[in-house]
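As given, the protein sequences belong to chains H and G, one line each in that order.
Taking the working numbering, the leading residue of the first sequence gets 548, the next gets one more, and so forth.
Taking the working numbering, the leading residue of the second sequence gets 670, the next gets one more, and so forth.
Where a beta carbon is used, it is the ideal one built from N, C-alpha and C, also for glycine.
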Amino acid sequence: MQSTLHPAGPEATEVALLWWVMFGASVFIMGLVVGLIAWGLTRATGRERFAGMPMIVGLGIVFPVVVITPLIVWSVDITSRVRAAITPAVTVEVVGRQFWWEVRYPGHGIVTANEIRVPVGQPVELVLTTADVIHSLWFPEIAGKLDMIPGRANRMVIQADRAGTFRGQCAEFCGIQHALMALVLVAEPPDAFEDWATAQSQPPPPPEDPFLVWGRDAFLAAGCGTCHAVRGTPAKGTFGPDLSHVGSRVTLGAGVLPNGIGPLAGWIADSQAIKPGNHIPAFNTLDGETLRAVAAWLESLK
Amino acid sequence: MALFRRHPAALAVLALAACDTGPADHQRVAGGDADAGRATVIAEGCGACHTMPGIRGARGTVGPPLEGFAQRGYIAGQFPNEPAELMRWLADPPAVLPGTAMPATGLSAQQQRDVAAFLYAQR
């Protein structure tokens, strides 16, 4: 699913190297300790020249200091490396919310959710804030985690070195659905990214198919616009995810379901069964055909 | 075979176990692969509406649970539960039953066969 040991970005690559070095050192030290214990139990007489004080000072104080100090310096250096000096190609604002992620591209006028698209091989600045409690953004294959703290904007610069879809998740317990608060990072060639950004920055075209028109009207009549925005319609809510291009996203419900007309219908009708405690009520008051129409319209918002 | 002379019930157990190796003849789906069907069910997110044992996160309550589907008498409460009817249903539920809440999910013919085989493996 996701692993820090399959890095796809410069920071994650350094973290992975540090992990392997720490792993190797730990294995060596464990072998040394176990070996000394075995030797002490079976062979040692207690009168060896290095028994006692030299052992305590040498292996008990000097050795740990010599091994641990560089590891601490190295790890602190990785986590605190000022990547702020890099001029980012794109700035993305990510807002943690119970239990999903609002994603904004101020330079493009895009508001989306649970999905960060970036151009491959270019530094991308993430500005992390929260609308409620503390969250933490973590893409194990791309970079280390960074908290989203009320009243603060934390900043990190990430880079994806290869195209792909990378799963991320909330790494700070934030409430009942913390475990199902995931998102994806989609890294694609710069041309594809620009095409995506151009499409996302436009309002979706109004539907022409009568079934989709019905779906849009039912969406508005059911009051969905109280929490959700769809540009170009009266729906302007900001409490839930912006749905202007929801049909183009990879997942639904913050990484919980694959996207598609079926999961959209199921999510609308009873997301509480799928993700109990999330903030959207079950809309099972729509008749079956209307539910399908709403789901079909949302799916058409590419 | 002394086992069966001394314990006739063992033969019965063996015979019952043999029945459990696949779907009943009338529920066999030609060209359908239950494992591929399971993968399709996961990839399509059928669990958003249907609770299914053994599939992570499949705890939807919008449609009927699919545990024991092979034992179900009717599909959507109306159509005899047999492969031809099931595939017709999977291809386009609203075409079969206009008022249904289940949308057509665009399964290919092969995916329909696979999912049907998967469903008849739910016994």
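When the alpha-carbon of residue 665 (chain H) is set against those of H:771, H:782, H:736, the nearest one is in H:736.
By the Cβ-count criterion, residue 586 (chain H) is exposed, with fewer than 16 other Cβ atoms from all chains shown falling within 10 Å of its own Cβ. Within chain G, the C-beta atoms nearer than 9 Å to that of residue 812 (chain H) come from 717, 718, 731, 770, 771, 772, in chain order. Cβ contact annotation for residue 644 (chain H) (same chain, cutoff 7 Å, sequence separation greater than five): 678, 679, in chain order. As DSSP reads the structure, residue 755 (chain H) sits in no beta bridge.
In this structure, residue 784 (chain H) and residue 794 (chain H) do not form a Cβ contact; the two beta carbons are roughly 18 Å apart against a cut-off of 8 Å.
The C-alpha of residue 778 (chain G) is placed about 33 Å away from the C-alpha of residue 742 (chain H). Under the 9 Å criterion on CB atoms, residue 845 (chain H) is classed as non-interfacial with respect to chain G.
Contact annotation: residue 697 (chain G) and residue 752 (chain G) have beta-carbon atoms nearer than 9 Å. Closest in alpha carbon position to residue 703 (chain G), among G:739, G:775, G:730, G:769, is G:739. Counting other Cβ atoms within 10 Å of its Cβ, residue 818 (chain H) reaches 16 or more and is therefore classed as buried. Shown here, residue 791 (chain H) sits in coil according to DSSP, grouped into three states, outside any helix or strand. In this structure, DSSP gives residue 644 (chain H) an extended state, which the three-state scheme calls strand. Annotation for residue 756 (chain G): 698, 781, 782, 785 place their beta carbon closer than 8 Å to its own, counting only its chain and skipping 5 residues before and after.
The region 806-817 of chain H and the region 730-737 of chain G touch, with three or more beta-carbon pairs separated by less than 8 Å. Here the region 723-733 of chain H lies against the region 634-650 of chain H, with 3 or more beta-carbon pairs under 8 Å apart. Residue contact check for residue 827 (chain H) against chain G: no CB pair falls below 9 Å.
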